[in-house]
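Protein chains in written order, with the numbering used here: chain A, 3 to 209; chain B, 3 to 209.
There are 2 protein chains.
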Amino acid sequence: MTSAASTSSPADGFTRMAPQTGTGFLLRAGQVLTVVDPTGVQVSDFFAFSAEDHGEWLSSGRTIDYGNKVYFTTGDLLYSNRSRPMATIVEDTCGRHDFLLTPCSQQTFDLLYPEFEGAYHPSCFENLCLGLEQFGVEPDEISTTLNIFMNVWTDETGELHIDPPTSKAGDRFAVRAEMDLHVGLTACSAEKSNGGVCKPIDYAISD
Amino acid sequence: MTSAASTSSPADGFTRMAPQTGTGFLLRAGQVLTVVDPTGVQVSDFFAFSAEDHGEWLSSGRTIDYGNKVYFTTGDLLYSNRSRPMATIVEDTCGRHDFLLTPCSQQTFDLLYPEFEGAYHPSCFENLCLGLEQFGVEPDEISTTLNIFMNVWTDETGELHIDPPTSKAGDRFAVRAEMDLHVGLTACSAEKSNGGVCKPIDYAISD
């Protein structure tokens with residue numbers, strides 16, 4: 003039994019994504035997307051396109067470049083590949099998120115999780131594809147995600163360390179859209195990134 | 003006068019890119035691209051698409067994920083967004099390259115270099131666009147580049163530090179293509195990333 007089974011209902015106005023699932027939606031300019039970790043120690047992958055033109059997409063590289071940092075929090079901007087602000091982080095009670103790694107995919111499990119022996123595994127990439135399909139997004143267009151609540155750090159040799167998220171039950175992360183966005187969002191499917199158990203994620207959109 | 007003016011000719015078989023320029027070419031599977039810093043302290047941005055299908059492109063996120071590191075050197079694989087090896091690093095006499103930042107663009111200079119007051123500035127992004135245009139690549143398709151010889155590190159707070167490249171005159175970095183590639187390559191245009199002066203880059207393709 004996962005932690006999810008013992009979690010109470012989401013707060014009013016919030017939608018719960020079951021463990022290892024995802025969704026997609028329109029977030030209009032000015033609207034705020036709030037992502038809540040209801041149980042603690044759970045990652046949520048976020049990706050976005052300009053709703054007007056999918057040629058404009060969330061760019062980890064431009065965001066890292068212009069922010070001059072790899073950890074983002076309240077007040078920071080998320081930039082598109084065209085160097086325009088797509089969203090502003092307006093709330094963050096956790097303080098640790100990752101913008102280096104791609105969403106987990108079937109190939110992630112094939113390459114990095116030999117214990118699954120190549121069997122089908124739910125993944126953020128598949129769930130983002132499914133969530134964004136309604137807007138005509140092709141899988142090849144999904145690039146590096148903002149991995150909300152994901153706890154990744156590098157040592158001085160450049161080696162990555164993926165530790166359990168530091169998020170506690172009820173931790174919140176919110177962005178305000180700076181343009182109309184098509185958003186993909188997941189409750190991450192990779193056991194090792196989530197303290198060993200995949201759990202739900204709650205989200206809400208407010209004006 | 004830049005260092006470029008006092009640099010001797012490239013070695014036999016090598017082509018010299020003038021400071022703040024770039025190029026594009028087909029690199030067939032099995033061929034080796036060797037990039038040389040002829041003067042030292044100069045960055046070269048590298049990006050690639052599968053020549054058969056530009057929907058498959060160099061992915062910093064997948065490369066970082068599967069390599070479990072942010073610094074890449076001899077023996078490491080460069081992955082595509084489809085999780086397939088695009089190239090293998092087969093030689094590296096420098097040991098410090100960046101895969102976090104996007105190519106410098108006009109907006110980079112507008113946002114980060116106020117001393118240029120928004121004036122036109124050559125950029126790796128423009129030069130990659132020009133170099134890859136012959137293959138039908140659209141600017142929006144160019145994502146995070148491998149920034150050969152670029153010296154970027156993060157401190158424990160996640161802040162980025164961009165120091166002068168550690169490359170010395172004659173340092174080499176080479177990749178073997180694992181599939182037919184359309185490659186864009188530059189002599190980086192950003193003064194601050196190159197010890198204050200933009201210099202040439204030499205490259206060669208061998209079977």
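Ideal Cβ positions, reconstructed from N, Cα and C, are used throughout, including at glycine.
- In the three-state scheme derived from DSSP, where H, G and I count as helix and E and B as strand, residue 11 of chain B is classed as coil.
- Taking 3 residues as the minimum length, the beta strand (DSSP E) runs contained wholly in the region 12 to 89 of chain A are 17 to 19, 24 to 29, 34 to 39, 46 to 52, 55 to 59, 79 to 81, in order along the chain.
- Residue-level contact by beta carbon fails for residue 139 of chain A and chain B, as no gap is shorter than 8 angstroms.
- The alpha helix (DSSP H) runs lying completely inside the region 106 to 159 of chain B and spanning 4 residues or more are 108 to 114, 126 to 134, given in chain order.
- In terms of Cα proximity to residue 39 of chain A, the closest of A:176, A:181, A:182, A:185 is A:176.
- At a cut-off of 8 angstroms between beta-carbon atoms, residue 77 of chain B makes no contact with chain A.
- Cβ-Cβ distances below 6 angstroms link residue 96 of chain B to 151, 169, 173 in the same chain, with the five nearest sequence neighbours on each side left out; the list follows chain order.
- Using a 10 angstroms sphere on the CB of residue 204 of chain A, the tally of other CB atoms reaches 16 or more, which defines it as buried.
- A Cβ-Cβ distance of about 5 angstroms is found for the pair residue 167 of chain B and residue 43 of chain B, placing them in contact under the 8 angstroms criterion.
- When the Cα atoms are used, residue 66 of chain B and residue 27 of chain B turn out to be separated by approximately 25 angstroms.
- Residue 98 of chain A counts as buried, since no fewer than 16 other beta carbons sit within 10 angstroms of its beta carbon.
- Think of a sphere of 7 angstroms around the beta carbon of residue 130 of chain A: no beta carbon from chain B falls inside it, the nearest being about 12 angstroms out.
- Sorting A:78, A:88, A:158 by C-alpha distance to the C-alpha of residue 60 of chain A places A:88 at the top.
- When secondary structure is reduced to three states using DSSP, residue 169 of chain A falls in the coil class, being assigned neither helix nor strand.
- Beta-bridge analysis with DSSP links residue 179 of chain A to A:89.
- Between the alpha carbons of residue 133 of chain A and residue 187 of chain A lies a distance of about 8 angstroms.
- Closest option to residue 34 of chain A, judged by alpha-carbon separation, among A:114, A:24, A:16, A:41: A:16.
- Taking the CA atoms as reference points, residue 45 of chain B sits about 35 angstroms from residue 131 of chain A.
- Close to residue 120 of chain B, with beta-carbon spacing below 7 angstroms, lies no residue of chain A; the smallest spacing is near 13 angstroms.
- Relative to residue 104 of chain B, the option among B:198, B:48, B:156 whose CA is nearest is B:48.
- Straight through space, the alpha carbons of residue 208 of chain B and residue 191 of chain A are spaced by roughly 43 angstroms.
- Contact with chain B is absent for residue 91 of chain A, since none of that chain's Cβ atoms lies less than 8 angstroms from the residue's Cβ.
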